[in-house]
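Residue numbering for the sequence shown follows this note's numbering, starting at 17 and increasing by one per position.
Structure first, then comments.
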Amino acid sequence: MSAKEPELPVHDGHHHGHDHGHDHDHDHDHDHGETETLASPGPTSTFGYWRSIRELDGQAPFQTDPTPKEFPTAPDRVIDPLHRRNFFQLMGASMALAGVGACRYEKEDIVPLARRPEGQIPGNTQHYATAFELGGVGHGLVATSFEGRPIKLDGNPEHPFASGGIVPGTTRHAGTSTFVQASILHLYDPDRSQSVMSAGKGASMDGFRAALPALIKNPAGIRVLSEATSSPTVQHMRRRLTAMGVGWHEYEALSWDNEREGTRRAFGQPMRPIARLDRAETIVTLDCDLFIEHPAAMKYSRDYSRSRRLHGSLGLGKMNRLWSIESNLSNTGAMADHRLGLRSELCLPFAMALDGALGGGGAPASEFLKEKKVAEFIKHLADELRANAGRSILVAGRRQPPEVHAIVAKINQAIGAVGATLDYHVDPDPDRKPHLQSIVDLVKEIQGKRVQTLIILGGNPVYDAPADLDFAAALAGVETTVHLHEYLNETSRKATWHVPRSHFLEAWGDTRTWDGTITVAQPLIAPLYGGVSSAELLSMLVGEARTGEALVKEAHAALGVTAPWRQSVHDGFVPNTQLPPGTAQLTGFAPPQLTPSQQGGSKRANGDLEVTFAMSPFSYDGRYANNAWLQETPDFLTKVTWDNYALVGPETAEALNLANDTLIRVKVGDRELELPCHTIPGQARYSVSLVLGGGRTAAGRVGGENGRTIGFDTNKVRLSSGFDIAGKATVTATGKTFLLASTQEHWDIRTGLIPSVTQEGIAERLPQLIRETTKKTLETDKAWRAEGDSGYFVDLKNAGKTDRPNLGGQSLFKEKDYLGHRWGMAIDLSSCTGCNACMVACQAENNIPVVGKEEVFNNREMSWIRIDRYFSGTPDEPQVVHQPIACQQCENAPCEQVCPVGATQHSDEGLNDMSYNRCIGTRYCANNCPYKVRRFNFLDWNKEWREARNKVRNLLFNPDVTVRMRGVMEKCTFCVQRIQNGKIRAKAQIRAGQRPGTVDGPIPDG
């Protein structure tokens, strides 16, 4: 699929910002019965914005189906057809029985505490600092616990790295990722390993301890394979074991070792670069999803948003500009002011050419650099970097080889970034082998018969190790293998011994954040299944049986930590333990040699395609495959749920005759894989991106087991020689269909309407719904700034104190006067990166169920928040805008006017409240909602949770939020339970004299 490539405009300091309103869509049935070949795109749609290639081609369901469909189809098994008379008979009986059932609670037997724990008040939540580690990098958290069970995780605002430090005059915040928010679901997962296993049969922890002395009698024949960790306690135990002669290896499927080795090449020693995006006016990312995939993504997102605001960290009237060069469209690329779609392998000659444009040498001999679009992009980028010397920064992604990271380090030196927008720190483990090299060396040792006992700490190398290593076959050559993991996964089933590992909320531990701050994890609940931590298992190997707390204290003492232990546990971190600054002195490294494909043009033939491997938003590298919250959260850009896929650009799809929702065959070397194709605007030409994390065979009931899998195992074509970027790939269509459950065109208001009429209406209102302009216009055009959705300027400082403007015309509804609080929410769309963390956090807070892939096909997903994403421009060079949509708590809410039983009412504080026990499921409110944010429980989604094996899941529910049943409508409540808890705390503080009673005026009861 080809389109004319627009030329890069000459930049004049303009920045594009967003001030979006809301474009809202109606429910409709998801048409997933046909598979269409992608047509050649015509000109941009008349209304400028489009949500999918199908919509741009005029093939979306709302464009082709003339039948209005207000609600998802209700199959016979959900609502049986009834005659009108029978309906009213059943209605009357139901109302009577509902009244009887509501008279008293179900009888329960409660055993009271003999002695109430200190500082605990029944019914109140407690908050404890703890830590979470992913990919060897820690994150400071605060866990909310209700009567001894953790129910919610949030960022620790006191943490010196997570909060971004204290900003004078502002409130400290600390964000979290989707993986942090969803990890609470793993704690209560009944699929977790619940006992020690020996040779595939049940055993006991005592039996394992008794067998240990025989397993470790020859330290020279013992190897430990650990997943990436920065835990000082585990590192302390490693030093003790290696001193005994035990060999240590570390492996991570999604590793940032390329950056580490690139700094080694540039400076002669590995360094830890830490960006200061709050100081940067120009930010350049090279094949790097900085705000999602980077280990410091939460900190970087916060710093980016601070320098993105005109009144932010750069000073009044200044904001940053983001440039992105990448192969597959990422969240960071979607936020970019300027983006260049480029195959990942071409980032090396691109970086060399940029270095040359900045005076670092001549440009490499690559044909694609002569293309007008690329040449002008490099020229303008180099000009801006020179103009903003000392206020710019480049960051390369994990897929890029060390050579690229070394050149990026050189460029950062040249533009004065070091010490200004970039700090280098000493690497915390400089002698460690790179992860890929380490596991290759381990397999060689096994094949050389030098390993008698292999201890595997976490991870799943049978599933995610490079395919050419055949790690499962290598394990068969080891006399005894021990695997410590939360799940009985693919590696556990090949091991001699499997030991259940405790969840991080069940054990003492520690970790380091990206800046090196030691962060302490404390247990909030006793191990549900008797697991042990990595440190505790290592303690057994050295012949000790010590508690996790004692091991952490010992490790901290060995590091010379002098901070009081109880204070560190309370705060969640040890102060002043950041990595020391490093000396970034460039060494003279030789220029890298380019491959023939890097020297050629941008066009490639089939058989010479590029394949890259992308982190899964659903399961990371596969470890979260059994997490239903993540599986059902739509990917920000593709809106696909429950499956992984191959991302292909429109032009490549047309050239290879590929179609959406069909299986394609990807061949890399002598290995091949079939998986579904999904076409995404912005994907670089002749580059195919394979999403990792699918095809698990021993993940659990959600993620796949016993021959049933979710997604496809892309590790089958991931080799050690092309671990991040593979070349010489062939992609062919199989002719078979595979439907992906995408929410892309759900809730569309245009279903059943005449396309020309709706397009004209959208074209008329889009300038108010999605308001975009340049920084220059924002600063100089007062009329644009004053223009709001209602045609008048909203004075936020005097909101509620001035007379409402006369909008003309008459209203049928009387304006409501609020004497107390009136709640509202503002979302800064210029800062929002579309990370989806709010969606998962809402699910955790409000007991929102998942419905499964088949029900997503039927438009029945239950998430209270959705993130609408729109494209504009051409399919090859799209612009992206997005807006999170939740209930708007309308002043004159249309849903309130049509409910026949008053189940939704307006509160005295401006909220649109739901009374679930009144709702009879007419769905009139959903029909009348212009935002399409109401969700109906077509089925009893929580039915399985009442099974005996799922009783543990009930511990997850937030007791402040009602669990809804079948036949009930639900929606965003503005987390009214948190508002009420805030009132209680504020009143208590007023009574205690800790807060003036006039700060917020009188606080009414909730």
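No residue lacks a Cβ here, since even glycine has one placed at the ideal position from N, Cα and C.
Computed from a predicted structure; not experimentally measured.
Sequence-distant residues of its chain with Cβ nearer than 6 Å to residue i (five each side left out)
{"i": "residue 631", "result": "270 and 309"}
{"i": "residue 972", "result": "204"}
{"i": "residue 758", "result": "655 and 656"}
{"i": "residue 231", "result": "469 and 496"}
{"i": "residue 1008", "result": "none"}
{"i": "residue 590", "result": "534, 577, 579 and 584"}
{"i": "residue 1002", "result": "1019"}
Of the listed residues the options, nearest to residue i (C-alpha basis)
{"i": "residue 1026", "options": "298, 706, 624 and 646", "result": "Beyond the ends of the chain as shown, which are 17 and 1022, falls residue 1026; an answer cannot be given."}
{"i": "residue 469", "options": "478, 684 and 458", "result": "458"}
{"i": "residue 711", "options": "642, 648 and 669", "result": "642"}
{"i": "residue 176", "options": "610, 592 and 877", "result": "592"}
{"i": "residue 553", "options": "474, 742, 428 and 289", "result": "474"}
{"i": "residue 754", "options": "683, 662, 741 and 787", "result": "662"}
{"i": "residue 516", "options": "213, 388 and 329", "result": "213"}
{"i": "residue 700", "options": "406, 408, 343 and 560", "result": "343"}
{"i": "residue 560", "options": "296, 229, 405 and 974", "result": "229"}
{"i": "residue 905", "options": "880, 151, 892 and 733", "result": "880"}
{"i": "residue 923", "options": "992, 885, 249 and 940", "result": "992"}
{"i": "residue 726", "options": "638, 202 and 686", "result": "638"}
{"i": "residue 570", "options": "847, 247 and 381", "result": "247"}
{"i": "residue 452", "options": "964, 1002, 740 and 610", "result": "740"}
{"i": "residue 467", "options": "498, 832 and 442", "result": "498"}
{"i": "residue 1039", "options": "381, 734, 558 and 445", "result": "A query on residue 1039 cannot be resolved here, the shown segment of the chain reaching from 17 to 1022 and no further."}
{"i": "residue 419", "options": "333, 352, 320 and 279", "result": "279"}
Backbone CA spacing between residue i and residue j [nearest angstrom]
{"i": "residue 348", "j": "residue 354", "result": "11 Å"}
{"i": "residue 942", "j": "residue 595", "result": "54 Å"}
{"i": "residue 634", "j": "residue 658", "result": "8 Å"}
{"i": "residue 665", "j": "residue 979", "result": "42 Å"}
{"i": "residue 262", "j": "residue 577", "result": "27 Å"}
{"i": "residue 1004", "j": "residue 1010", "result": "9 Å"}
{"i": "residue 541", "j": "residue 164", "result": "6 Å"}
{"i": "residue 477", "j": "residue 791", "result": "49 Å"}
{"i": "residue 916", "j": "residue 161", "result": "39 Å"}
{"i": "residue 12", "j": "residue 860", "result": "Shown here, the chain extends from 17 to 1022; a query on residue 12 therefore has no answer."}
{"i": "residue 372", "j": "residue 607", "result": "12 Å"}
{"i": "residue 239", "j": "residue 460", "result": "12 Å"}
{"i": "residue 434", "j": "residue 339", "result": "19 Å"}
{"i": "residue 281", "j": "residue 417", "result": "11 Å"}
{"i": "residue 486", "j": "residue 944", "result": "57 Å"}
{"i": "residue 144", "j": "residue 976", "result": "19 Å"}
{"i": "residue 142", "j": "residue 624", "result": "57 Å"}
{"i": "residue 959", "j": "residue 644", "result": "15 Å"}
{"i": "residue 454", "j": "residue 615", "result": "31 Å"}
{"i": "residue 956", "j": "residue 994", "result": "26 Å"}
{"i": "residue 563", "j": "residue 249", "result": "12 Å"}
{"i": "residue 327", "j": "residue 796", "result": "16 Å"}
{"i": "residue 719", "j": "residue 868", "result": "11 Å"}
{"i": "residue 494", "j": "residue 488", "result": "11 Å"}
Nonlocal neighbours in the same chain, by C-beta distance under 7 Å from residue i, ignoring five residues either side
{"i": "residue 448", "result": "266"}
{"i": "residue 882", "result": "901"}
{"i": "residue 1023", "result": "Outside the displayed range of the chain (17 to 1022) lies residue 1023, so it cannot be described from this structure."}
{"i": "residue 437", "result": "291, 292, 295, 296, 407, 408 and 409"}
{"i": "residue 405", "result": "431 and 432"}
Cβ-Cβ separation, residue j to residue i (assumed contact under 8 Å), whole Å
{"i": "residue 397", "j": "residue 391", "result": "Their Cβ separation, rounded to whole angstroms, is 11 Å, which puts residue 397 and residue 391 out of contact at 8 Å."}
{"i": "residue 220", "j": "residue 503", "result": "Actually they do not touch by this definition, with Cβ atoms about 19 Å apart."}
{"i": "residue 1076", "j": "residue 359", "result": "Given that the chain is displayed from residue 17 to residue 1022, the structure contains no residue 1076 and the question cannot be resolved."}
Cutoff 8 Å; reference residue i; Cβ partners in own chain excluding five residues on either side
{"i": "residue 283", "result": "425, 440, 598, 599, 600, 601, 602 and 603"}
{"i": "residue 192", "result": "155, 157, 169, 170, 171, 314, 853 and 857"}
{"i": "residue 894", "result": "345, 697, 698, 887 and 888"}
Contact test: residue i Cβ vs the ligand FMN heavy atom, cutoff 8 Å
{"i": "residue 883", "result": "As for the ligand FMN, it is missing from this structure, which has no ligand bound."}
- Task: Taking only runs that begin and end inside the stretch 431–509, name each unbroken alpha helix (DSSP H) of 4 or more residues, in chain order.
- Result: 451–463, 477–480 and 487–491
- Message: Could you tell me which whole alpha helix (DSSP H) segments of length 4 or greater appear in the stretch 232–306?
- Response: 248–259 and 273–283
- Query: Which runs of the alpha helix (DSSP H) fall wholly inside the stretch 829–903 and span at least 4 residues, in chain order?
  - Reply: 853–861 and 869–873
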